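Heads up, the thing below is written out as structure tokens.
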Amino acid sequence: MTDVKSKRLLGGPAFLTADRLHSAAIHLLRRLRVRDRESGVGPAQLSALSVLVLGGGPRSLGELAEAEQVRPPTMSRIVAGLVRAGLVRRGKTEDGRRVRLEATAKGTKILQQGRRRRVESLAKAVSSFSDKEQQQLGELIGLLQQVIRNL
């Protein structure tokens, strides 16, 4: 981005909207994280587990690290805790040359229960809105998903 374009964004409507969105996202995640404590699994482990459960199945350590945007040694420590807790297992590919990480039934259950708790909390908050406001929020979520894809 050029300096001129960068200066135009700073303080402009897009910047102010982005700043509000950033703040709202942080506060939303903090409030929902309280519900995650009930699972007994830390945030980094839950995030990695969600990639394995919701993100298309087994992955290598490197693929999981990339998906979580952390370095492989960091992911190795996260996975070690998940394996010790019985939430993830290490399996080998058919040729036996690569290790694939996959969620266990226990890991899948814990993740799904946590997701249900978070969604229930959100649904309770959203239910206080009128039908029209709920529809508007749904439409805005589509825009948020577009923002995420554009990052």
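Quick note on our numbering: the sequence shown kicks off at -5 and runs consecutively.
Yeah, the Cβ is synthetic: ideal placement off N, Cα and C, and Gly gets one too.
Note that the coordinates shown come from a computational prediction; the quantities given were computed from them, not determined experimentally.
Annotation note: the region 63 to 137 contains the following uninterrupted beta strand (DSSP E) runs of length 3 or greater, listed N- to C-terminal: 82 to 86, 93 to 97. Note on geometry: alpha-carbon atoms of V93 and L22 lie some 35 Å from one another. Sorting R83, G136, E114 by C-alpha distance to the C-alpha of R29 places E114 at the top. With a contact defined as Cβ atoms closer than 8 Å, L81 and L134 miss out at about 34 Å.
For the 8 Å CB-CB criterion, L26 and R112 form a contact. A residue is called buried when at least 16 other Cβ atoms come within 10 angstroms of its Cβ; L48 does not meet this threshold and is exposed.
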